[in-house]
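Each remark here refers to the structure printed beneath this line.
Numbering (the UniProt record's numbering), first residue to last: 1 to 531.
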């Protein structure tokens, strides 16, 4: 069930969605020590729950005692104390003074004592200067800083000042590393450090890591604040209890069949191993490469099939997704759950709707009643008449020419046979949700895949619009007359590929996957009209 939006009138004008993530907040410009918050997708703004819960509309602040400060949104402003960017601030309009929500709660003190790392007291400089930070990072900074006047040294504010609640996190005892405490290491990371969290494999900011120097064990902030469970039991994932093994060991994940190099969840009873992020793989989903739902299974079973997305061979001894209606149709777990393949909706427990997607009702052997032309019946003609070029298909707007077509008995309405057979709803490789065939076109549109301008029929979902030729014709496998030997498949690319049809560099192509061929055809290249 999807979360409902939250109204935060003091914080943002739109509804915001709860988001359980550790990331830099537009409220305070920081990521550490804060987990979870609210996100507005349309504005790409994230605010921490803790910042929101502890914010009031007006505050008194010691750094600006002359006026009361008011909470307001001012995108891409800078805090006058720490110089961080922010979208939310406490502001004095009279003096053009801003502090972010973090500095509002924890203003940097004028003088601090960090005797553990430096033997003199440091003074906060309330002026922006260029300086070389001496807190083991040795980077040139510009802005506010702490300074030791006796040693003539400068330090980034964040590297030497931590509020009381942050100091509790400078050293932690972690359940997945009980041998030694983990210390927050700030500055240059050790040379032997691999820059990844031991548990989740995410890349860590190499300036701030939790590290055990005795064991070379490192964690990111998210795994410190929210440790993965020490045991996991879910019969939808595995029949037995799973336990994390926080070690650097190579393994193959039973759920996705891909290699891992650290900290799997394991079953000590049967040897089952799974990536931490594969624990949450959905059970039943729709993908844009197939007309039916596909479901996850831990062992695909004996078969000799290629993946329905990447077309590479699927190892049936591992887990993946399969279709119960189409024998042999399988998809790799990671391919099926890509953002450009799956719409993110888990369908387990949701009954499948039986939809009527047929575009017409058969009246007799040569007559149909099409849903786009309810007023009259359409009659089938085996081919068009070359001399009557004025006849155009109402769906694709191209001339009827010599193709088989349906014509209205009572008026000038025509459909190519293939256009008439286009389903009313369908899944398509160029979009994640099911598209609906729209026939009442009152104006001209420019279509997404081919950039063609037309007022014919289109497949639409939200802002995505495909003309009826792209919607029906650009399907997998795609057969093209300029490459008759092999079918083509839609392959997302990391870099541009030269289309063999239009000789332009494109990211979206239909490609031949046969070894040594390399033929590619852009989705928007001039199409062969094979109706």
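Beta carbons are placed, not taken as given, at the ideal position from N, Cα and C, and that holds for glycine.
Model, not experiment: these values are computed from the prediction.
With 16 as the cutoff for other CB atoms within 10 Å, does residue 432 come out buried or exposed?
buried
By the three-class DSSP mapping on this structure, what secondary structure does residue 159 have?
helix
Measure the alpha-carbon distance for residue 279 versus residue 295 and round it to whole angstroms.
15 Å
Check whether residue 293 and residue 352 have beta carbons under 8 Å apart:
yes
Specify, as a first and last residue, the run of the alpha helix (DSSP H) that residue 408 falls within.
It is not in any alpha helix (DSSP H) - residue 408 instead sits in the beta strand (DSSP E) that spans 405-408.
I'd like to know whether the C-beta atoms of residue 81 and residue 51 end up nearer to each other than 8 Å.
no
Cβ distance (whole Å) where residue 550 is taken to contact residue 212 below 8 Å
Any question about residue 550 goes unanswered here, given that the chain covers just 1 to 531.
Thinking residue 362 and residue 289 are a contact (beta carbons under 8 Å), I'd like their distance in whole angstroms, please.
That belief does not hold up - the Cβ atoms of residue 362 and residue 289 are roughly 30 Å apart, past 8 Å.
Assuming residue 5 and residue 100 form a contact by the criterion Cβ under 8 Å, report the distance between their Cβ atoms to the nearest whole angstrom.
With 8 Å as the limit, residue 5 and residue 100 do not qualify as a contact, their Cβ atoms being about 25 Å apart.
Delimiting residues of the beta strand (DSSP E) encompassing residue 467
464-467
Residue range of the unbroken beta strand (DSSP E) whose run includes residue 295
294-297
Beta-carbon proximity of residue 330 to residue 314, cut-off 8 Å:
yes
Under three-state DSSP, which class holds residue 415?
strand
Do residue 185 and residue 219 have their C-beta atoms within less than 8 Å of each other?
no
When the Cα atoms are used, what is the spatial distance from residue 16 to residue 27?
14 Å
Taking the Cβ atom as the reference point for each residue, do residue 105 and residue 112 lie within a distance shorter than 8 Å?
no
In the DSSP assignment, what are the bridge partners of residue 490?
510
Taking the alpha carbon of residue 418 as the point to measure from, which residue in 445, 428, 380 and 449 has its own alpha carbon closest?
380
Beta-carbon proximity check, residue 394 vs residue 378, cutoff 8 Å
no
How many angstroms separate the CA atom of residue 402 from the CA atom of residue 281?
50 Å
Taking 7 Å as the limit between beta carbons, can you name the residues of its chain near residue 13, skipping five residues before and five after?
none
Suppose you measure from the CA of residue 23 to the CA of residue 370; what does that come to, to the nearest Å?
52 Å
For residue 163, which residues from the same chain have a beta carbon less than 7 Å from its beta carbon, with the 5 sequence-adjacent residues on both sides left out?
106
At least three beta-carbon pairs within less than 8 Å, the segment 61-72 to the segment 37-51:
no
Taking the alpha carbon of residue 533 as the point to measure from, which residue in 8, 430 and 65 has its own alpha carbon closest?
Past the boundaries of the shown model lies residue 533; the chain is included only from 1 to 531, so the question cannot be answered.
Taking 7 Å as the cut-off, is the CB of residue 383 close to at least one heavy atom of the ligand GDP?
No copy of the ligand GDP occurs in the structure displayed, which carries no ligand at all.
Checking the sheet assignment: what are the DSSP bridge partners for residue 77?
86
Excluding five sequence neighbours on each side, which residues of the same chain lie with their C-beta closer than 7 Å to the C-beta of residue 11?
47, 52 and 88
Segment limits, alpha helix (DSSP H) that includes residue 221
221-225
Between residue 541 and residue 449, which are expected to be in contact by the criterion C-beta below 8 Å, what is the C-beta distance as a whole number of angstroms?
Residue 541 lies beyond the residue range present for the chain, which begins at 1 and ends at 531; the question has no answer from this structure.
Report the residue ranges of all beta strand (DSSP E) runs contained in full by the segment 261-313; include only those spanning at least 3 residues, in chain order.
294-297
Please return the same chain residues whose Cβ sits closer than 8 Å to the Cβ of residue 461, not counting the five positions on each side in sequence.
431, 433, 434, 435 and 436
Name the residue from 252, 183 and 249 whose alpha carbon lies nearest to the alpha carbon of residue 224.
183
Determine the extent of the beta strand (DSSP E) in which residue 126 is found, giving its start and end residues.
122-132
Report the three-state DSSP secondary structure of residue 102 (helix, strand or coil).
helix
According to DSSP, residue 321 sits in a beta bridge with which residue or residues?
296 and 331
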